[in-house]
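Numbering-wise (numbering that gives the first Met the number 0), the sequence shown opens with residue 0 and increments by one.
Quick reminder that beta carbons are idealized off the backbone N, C-alpha and C, glycines included.
Comments concern the structure below.
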Amino acid sequence: MVIIRESTKETRELILKSARDIFLETGYQEASMRKIAARAGITAGAIYKHFSGKEEMFGELFHACGKKLMRITESMLGVDFSALSDADLVQVLYSKISMQTLHLLQEDMQLLHMLLKNDSGTYLAHFRSIYIERCTKFAANYYEELYRRGISSKKLSEKTIYMLSSSEFSMICEMIADDACQNGITEEMKAAFTEAMTVLLRGLEAELGIQYQTGGDKI
């Protein structure tokens, strides 16, 4: 076996890559520090200089996947709704942001599935909190702009927006955690999610009293 003599950072990255491979090949429960060390080309004892156990590696991998999601939500906060035309503003409501998010996470779907199935709640709770907080802020700014322009006739409370964001996050997690979707979201699940979001959207249209048609023409 070749012993790796690279920098601590490079060795740590190599171990994480090996852990990811082993987790996906054997599942979290069957993965061991010994197997991960062998894949990385280091001794079983040396691996503990970098990680206390597979739980810590699990957390690092979850964090890496979560950063993609965080970048998506961070970009949402930078949207200036006041700069959009009425038609473009209304179109945001029909832009299927959730499906776009899933598409961006598609290449990590197998890992995300494994992470969600084995998370004790700690890591998911952290990202859930940040994701919902950012989505709530994004949506609150959006609905406020709709109301300010008279496109909607009613405001939603921040608590209501929070509940809607929580529901969306839960649906996304349910899809990722479904065994049928571990290698990618199935067409059946996409259809079910799209239908659920459409029902939610129609309810929002009615509740807010949207004064624009989906094509952007005033009613």
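### Task
Measuring alpha carbon to alpha carbon, tell me which of 22, 38, 30, 24 ends up nearest residue 10.
38
#### Entry: Extent of the continuous alpha helix (DSSP H) to which residue 160 belongs
157 to 176
### Query
Once you ignore the five residues that flank residue 71 on each side, which residues in its own chain have a CB closer than 7 Å to its CB?
100, 103
### Message
Tell me the DSSP secondary structure of residue 112 in three-state form.
### Response
helix
### Message
Let's see if you can read the secondary structure: which residues bound the alpha helix (DSSP H) around residue 202?
### Response
186 to 207
### Task
Below 8 Å on the Cβ atoms is my guess for residue 167 versus residue 139; work out the distance and round it to an integer in Å.
Residue 167 to residue 139, Cβ: 14 Å. No contact.
### Task
Check each candidate in 8, 74, 205 and name the one with the smallest Cα separation from residue 46.
8
#### Entry: residue 77 Cβ short of 7 Å to the ligand SAH heavy atom set
Ligands in the displayed structure: none, and consequently the ligand SAH is not present.
### Query
From residue 69 to residue 128, what does the alpha carbon distance come to, in whole angstroms?
11 Å
### Query
Given that a residue counts as buried once 16 or more other Cβ atoms are within 10 Å of its Cβ, and exposed if not, what is residue 144?
buried
### Query
Starting from residue 89 and walking both ways along the alpha helix (DSSP H), at which residues does that stretch end?
85 to 91
### Query
Are the region 51 to 63 and the region 13 to 22 touching by the rule of at least three beta carbon pairs closer than 8 Å?
yes
### Message
Give me the residue from 142, 34, 170, 88 with the minimum Cα distance to residue 115.
### Response
170
### Query
Going straight from the alpha carbon of residue 146 to that of residue 210, what length do you get?
10 Å
#### Entry: Pair within 8 Å by beta-carbon distance, residue 200 and residue 92
yes
### Query
So the alpha helix (DSSP H) residue 99 belongs to, where does it begin and stop?
96 to 104
### Task
Can you say whether residue 18 is buried or exposed, counting buried as having 16 or more other CB atoms within 10 angstroms of its CB?
buried
### Query
Considering only the beta carbon of each residue, do residue 142 and residue 154 sit closer than 8 Å?
yes
#### Entry: Extent of the continuous alpha helix (DSSP H) run through residue 45
First-last for residue 45: undefined, no H or E at that position.
### Query
Does DSSP classify residue 217 as helix, strand or coil?
Since pLDDT at residue 217 reaches only 41, below the 50 mark, its modelled position is unreliable, and the value read off the structure follows with that caveat. Here residue 217 sits in strand by DSSP.
### Task
Using three-state DSSP, classify residue 3 as helix, strand or coil.
The predicted position of residue 3 is uncertain, since its pLDDT is 44 and thus under 50; a value taken from the coordinates is nonetheless stated next. The answer is coil: DSSP assigns residue 3 none of H, G, I, E or B.
#### Entry: Three-state secondary structure (DSSP) of residue 118
coil
### Query
What is the C-beta distance between residue 27 and residue 113, in whole angstroms, given that I count them as a contact (C-beta under 8 Å)?
6 Å
### Message
Since residue 15 and residue 56 should fall inside the 8 Å C-beta cutoff, what is the C-beta to C-beta distance between them, to a whole number of angstroms?
### Response
6 Å
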